[in-house]
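To keep things clear, I will list the structure first and then write my remarks on it.
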Amino acid sequence: MPVDERTTGAERPGRGFSWRRPELGLAVPVLALGGVVIVGTADVTAPGSALGLGPRFFPLIVGSALLLIGLCYVVDVLRGGRGDPEQTEDADTGARSDWRTVALVSVIFLAFAGLLDLLGWIVAGALLFFGLSATLGAASRLRAAAVGIVLSTATYLAFVKGLGVTLPAGLLSGVI
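Each residue of the sequence shown is one higher than the one before, counting from 1 in full-length UniProt numbering.
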(Lines of atoms letter the chains of each structure in order from A; the text may use other names.)
(Lines give C-alpha, C1' and ligand atoms only; values in the text may rest on other atoms or scores of the structure.)
Protein backbone atom coordinates (compact mmCIF):
# COMPACT_ATOMS: atom_id res chain seq x y z
CA MET A 1 0.00 0.00 0.00
CA PRO A 2 1.62 3.30 -1.07
CA VAL A 3 2.05 5.97 1.56
CA ASP A 4 0.60 9.37 0.78
CA GLU A 5 3.22 12.13 1.20
CA ARG A 6 0.78 14.21 3.24
CA THR A 7 0.32 11.65 6.01
CA THR A 8 2.00 12.42 9.28
CA GLY A 9 4.43 10.27 11.20
CA ALA A 10 1.68 9.15 13.59
CA GLU A 11 -0.60 8.07 10.71
CA ARG A 12 1.88 6.22 8.50
CA PRO A 13 1.31 2.51 8.17
CA GLY A 14 3.80 0.39 10.06
CA ARG A 15 4.91 3.22 12.32
CA GLY A 16 3.67 3.78 15.82
CA PHE A 17 3.50 6.94 17.85
CA SER A 18 6.83 8.74 18.11
CA TRP A 19 8.08 11.59 20.28
CA ARG A 20 10.69 12.28 17.58
CA ARG A 21 8.82 15.06 15.87
CA PRO A 22 10.77 18.14 14.78
CA GLU A 23 7.76 20.34 15.51
CA LEU A 24 8.20 19.54 19.21
CA GLY A 25 11.49 21.44 18.98
CA LEU A 26 9.43 24.62 19.02
CA ALA A 27 6.35 23.49 20.93
CA VAL A 28 8.11 22.28 24.08
CA PRO A 29 10.37 25.35 24.52
CA VAL A 30 7.34 27.66 24.16
CA LEU A 31 5.57 25.65 26.85
CA ALA A 32 8.68 25.74 29.07
CA LEU A 33 9.15 29.48 28.54
CA GLY A 34 5.60 30.09 29.74
CA GLY A 35 6.35 28.14 32.90
CA VAL A 36 9.61 30.04 33.46
CA VAL A 37 7.84 33.40 33.07
CA ILE A 38 5.11 32.45 35.55
CA VAL A 39 7.60 31.06 38.09
CA GLY A 40 9.83 34.12 37.66
CA THR A 41 6.87 36.42 38.22
CA ALA A 42 6.40 34.95 41.70
CA ASP A 43 9.70 36.60 42.73
CA VAL A 44 8.46 40.09 41.85
CA THR A 45 7.68 42.04 45.00
CA ALA A 46 6.11 45.46 44.75
CA PRO A 47 2.90 47.00 46.03
CA GLY A 48 -0.03 47.01 43.62
CA SER A 49 -1.41 50.20 42.19
CA ALA A 50 -4.71 51.79 43.16
CA LEU A 51 -6.43 49.74 40.46
CA GLY A 52 -5.07 46.50 41.86
CA LEU A 53 -2.77 45.93 38.88
CA GLY A 54 0.79 45.55 40.02
CA PRO A 55 4.03 44.60 38.29
CA ARG A 56 2.97 40.94 38.18
CA PHE A 57 -0.11 41.49 36.01
CA PHE A 58 1.39 41.63 32.51
CA PRO A 59 4.06 38.96 33.06
CA LEU A 60 1.31 36.62 34.29
CA ILE A 61 -0.77 37.37 31.19
CA VAL A 62 2.22 36.76 28.90
CA GLY A 63 3.27 33.60 30.77
CA SER A 64 -0.28 32.24 30.70
CA ALA A 65 -0.56 32.96 26.98
CA LEU A 66 2.75 31.19 26.34
CA LEU A 67 1.58 28.19 28.37
CA LEU A 68 -1.71 28.04 26.49
CA ILE A 69 -0.10 28.43 23.06
CA GLY A 70 2.63 25.91 23.89
CA LEU A 71 0.11 23.41 25.22
CA CYS A 72 -2.12 23.76 22.16
CA TYR A 73 0.89 23.37 19.88
CA VAL A 74 2.15 20.27 21.71
CA VAL A 75 -1.32 18.70 21.54
CA ASP A 76 -1.59 19.56 17.84
CA VAL A 77 1.81 18.03 17.07
CA LEU A 78 1.08 14.88 19.07
CA ARG A 79 -2.27 14.50 17.29
CA GLY A 80 -0.48 14.54 13.93
CA GLY A 81 -0.49 18.21 12.95
CA ARG A 82 2.30 19.38 10.69
CA GLY A 83 3.37 22.67 9.21
CA ASP A 84 2.47 23.09 5.57
CA PRO A 85 5.37 23.35 3.13
CA GLU A 86 5.96 26.66 1.36
CA GLN A 87 3.45 27.06 -1.47
CA THR A 88 4.35 30.42 -3.02
CA GLU A 89 5.53 30.72 -6.59
CA ASP A 90 8.40 33.05 -5.86
CA ALA A 91 9.92 31.08 -2.98
CA ASP A 92 12.85 28.86 -3.84
CA THR A 93 12.34 25.97 -1.45
CA GLY A 94 15.54 24.32 -2.64
CA ALA A 95 17.72 27.36 -1.92
CA ARG A 96 20.49 27.04 0.61
CA SER A 97 20.40 29.02 3.83
CA ASP A 98 22.43 32.22 3.89
CA TRP A 99 24.46 31.52 7.02
CA ARG A 100 26.72 34.53 6.44
CA THR A 101 23.76 36.89 6.83
CA VAL A 102 22.51 34.99 9.88
CA ALA A 103 25.97 35.27 11.46
CA LEU A 104 26.24 38.99 10.68
CA VAL A 105 22.79 39.71 12.13
CA SER A 106 23.73 37.75 15.26
CA VAL A 107 27.01 39.66 15.63
CA ILE A 108 25.19 42.99 15.19
CA PHE A 109 22.67 42.12 17.93
CA LEU A 110 25.45 40.97 20.28
CA ALA A 111 27.45 44.14 19.58
CA PHE A 112 24.34 46.22 20.32
CA ALA A 113 23.86 44.44 23.64
CA GLY A 114 27.51 44.90 24.56
CA LEU A 115 27.77 48.55 23.53
CA LEU A 116 24.41 49.78 24.81
CA ASP A 117 25.65 51.03 28.19
CA LEU A 118 28.85 52.50 26.76
CA LEU A 119 27.40 54.31 23.73
CA GLY A 120 23.87 54.88 24.96
CA TRP A 121 20.50 54.07 23.44
CA ILE A 122 20.54 56.68 20.67
CA VAL A 123 23.98 55.86 19.26
CA ALA A 124 23.74 52.08 19.78
CA GLY A 125 20.19 51.98 18.38
CA ALA A 126 21.20 53.97 15.31
CA LEU A 127 24.15 51.62 14.74
CA LEU A 128 21.87 48.61 15.21
CA PHE A 129 19.39 49.87 12.62
CA PHE A 130 22.12 50.87 10.18
CA GLY A 131 23.98 47.57 10.57
CA LEU A 132 20.86 45.47 10.10
CA SER A 133 19.71 47.56 7.13
CA ALA A 134 23.09 47.30 5.42
CA THR A 135 23.35 43.57 6.12
CA LEU A 136 19.86 42.88 4.79
CA GLY A 137 20.46 44.89 1.61
CA ALA A 138 19.30 48.48 2.09
CA ALA A 139 19.30 50.41 -1.18
CA SER A 140 20.69 53.59 0.36
CA ARG A 141 23.07 53.42 3.30
CA LEU A 142 22.79 57.16 3.90
CA ARG A 143 19.02 56.85 4.22
CA ALA A 144 19.44 53.84 6.53
CA ALA A 145 21.76 55.87 8.78
CA ALA A 146 19.36 58.83 8.85
CA VAL A 147 16.35 56.63 9.62
CA GLY A 148 18.35 54.86 12.34
CA ILE A 149 19.22 58.15 14.02
CA VAL A 150 15.63 59.43 13.82
CA LEU A 151 14.09 56.18 15.12
CA SER A 152 16.54 55.72 17.98
CA THR A 153 16.18 59.36 19.05
CA ALA A 154 12.38 59.19 18.84
CA THR A 155 12.20 55.99 20.89
CA TYR A 156 14.64 57.39 23.45
CA LEU A 157 12.60 60.56 23.89
CA ALA A 158 9.31 58.64 23.98
CA PHE A 159 10.51 56.31 26.72
CA VAL A 160 12.62 58.72 28.79
CA LYS A 161 10.60 61.92 28.51
CA GLY A 162 7.15 60.50 27.76
CA LEU A 163 7.00 57.38 29.92
CA GLY A 164 9.68 58.13 32.49
CA VAL A 165 11.59 54.92 31.72
CA THR A 166 15.34 55.18 32.13
CA LEU A 167 17.41 54.25 29.09
CA PRO A 168 21.21 54.59 28.96
CA ALA A 169 22.28 57.97 27.57
CA GLY A 170 25.91 56.95 27.08
CA LEU A 171 27.95 59.41 25.04
CA LEU A 172 25.07 61.90 24.91
CA SER A 173 24.44 62.00 28.67
CA GLY A 174 25.22 65.72 28.99
CA VAL A 175 23.52 66.70 25.75
CA ILE A 176 20.10 65.11 25.88
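Beta carbons are placed, not taken as given, at the ideal position from N, Cα and C, and that holds for glycine. It should be emphasised that the depicted structure is a prediction, and the values quoted were computed from it without experimental measurement.
- As for any alpha helix (DSSP H) of minimum length 4 sitting wholly inside the UniProt domain "DUF1468" (30-168), the runs are 57-78, 99-119, 121-135 and 141-157, ordered along the chain.
- When only Cα atoms are considered, residue 61 and residue 165 end up about 21 Å apart.
- At a Cβ-Cβ threshold of 8 Å, residue 131 and residue 149 do not count as neighbours.
- Contact between the region 22-29 and the region 58-77 is established, with three or more Cβ pairs separated by less than 8 Å.
- Out of 136, 59, 121 and 98, the CA that lies nearest to the CA of residue 156 is found in 121.
- The Cβ neighbour count for residue 152, taken over all protein chains shown within 10 Å, is at least 16; the residue is labelled buried.
- By the criterion of a C-beta distance shorter than 8 Å, residue 68 is surrounded in its chain by 34, once the five residues flanking it on both sides are discounted.
- The beta carbon of residue 126 sits closer than 6 Å to the beta carbons of 148, 149 and 152 from its chain, once the five residues preceding and following it are set aside; these are given in chain order.
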